[in-house]
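Asker:
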Amino acid sequence: MMEEEQYKGALLAADSKDLEILRLLQQNAKLSVREVAAHIHLSPTPTHERIKRLERTGAIKEYVAILDKKQVNKGLTVLCMIALSVHNKKTAGKFIQEVAQLPEVIEFYNISGDFDFMLKIISSSMDDFHDFFVNRLSEIDGIGQTKSIFVMNTIKESHQIL
1 MMEEEQYKGA LLAADSKDLE ILRLLQQNAK LSVREVAAHI HLSPTPTHER
51 IKRLERTGAI KEYVAILDKK QVNKGLTVLC MIALSVHNKK TAGKFIQEVA
101 QLPEVIEFYN ISGDFDFMLK IISSSMDDFH DFFVNRLSEI DGIGQTKSIF
151 VMNTIKESHQ IL
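Residue 1 is where the sequence shown starts when you use full-length UniProt numbering, and the numbers rise one by one after that.
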């Protein structure tokens, strides 16, 4: 356990085999250990050990299914910029805690510039977003200014970083 905590968040000392494993699993997390091993020219046992280490150290955070937003009735994407009315740790901390719990917010960034935060929000419709914005988001204390940008079309969307 102590060893795992030591590695969490640390810069990964990955070799070319580790990086190739990460690339392969980004493209298809359903690959079996045997399939990954065949691609990287190692036997399954050391490949499995590498994957477990990558999971333990946090290089692999989780395995997910990426859904088609339109097919699950979440076709509206909104980027919402928010500036806080008061800039102190207490206000920011409470704001972060409350926004992080909203399932409609699928990405949440602390940014620089005219606004303090940017949220990526998914919704089924403009009416649904309006209800969310008026009755839930804007009710959170500390919001000074907002700006919503409605995505008309997604040109590129990727979760692959390697």
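Glycine is no exception: its CB is placed at the ideal position from the N, C-alpha and C atoms.
Distance, Cα to Cα, Val-78 vs Gly-142?
Answerer: The straight-line gap from Cα to Cα measures roughly 21 Å.
Asker: By the 10 Å Cβ neighbour count, where 16 or more other Cβ atoms means buried, how is Phe-117 classified, buried or exposed?
Answerer: Buried, since its Cβ has 16 or more Cβ neighbours within 10 Å.
Asker: Helix, strand or coil, according to DSSP, for Glu-4 in the structure here?
Answerer: Its pLDDT being 46, under 50, Glu-4 is placed unreliably by the model, and nothing is read from it.
Asker: For Glu-107, list the residues DSSP reports as bridge partners.
Answerer: Bridge partners of Glu-107: Lys-120.
Asker: At 4 residues or longer, what runs of the alpha helix (DSSP H) sit wholly inside the UniProt domain "HTH asnC-type" (14–77)?
Answerer: Whole alpha helix (DSSP H) segments, 4+ residues: 16–27, 33–40, 44–56.
Asker: Any idea what DSSP makes of Glu-162, helix, strand or coil?
Answerer: It is worth fixing the name first, because residue 162 is Leu in this sequence and not Glu. It is coil, neither helix nor strand.
Asker: Does DSSP put Phe-129 in a helix, a strand or coil?
Answerer: Reduced to three states, the DSSP call for Phe-129 is helix.
Asker: If we count the other Cβ atoms within 10 Å of its Cβ and call it buried at 16 or more, is residue 167 buried or exposed?
Answerer: This structure leaves residue 167 out entirely; the chain is present only between 1 and 162.
Asker: Could you tell me which of Ala-13, Phe-95, Arg-56 sits nearest to Leu-137, measuring between CA atoms?
Answerer: Ranking Ala-13, Phe-95, Arg-56 by Cα distance to Leu-137 puts Phe-95 first.
Asker: Would you mind giving the Cβ-Cβ distance between Asp-18 and Leu-54, rounded to the nearest angstrom? I have them listed as a contact below 8 Å.
Answerer: Contact flag correct, Cβ pair sits at about 6 Å.
Asker: Could you work out which residue in His-39, Leu-84, His-48 is closest to Ser-112 when comparing CA atoms only?
Answerer: Considering only alpha carbons, the answer is Leu-84.
Asker: Between Val-99 and Ala-92, what straight-line distance do the alpha-carbon atoms span, to the nearest angstrom?
Answerer: For Val-99 and Ala-92, the distance between alpha carbons rounds to 10 Å.
Asker: Does the beta-carbon of Ile-155 have 16 or more other beta-carbons within 10 angstroms, so that it is buried, or is it exposed?
Answerer: Ile-155 comes out exposed.
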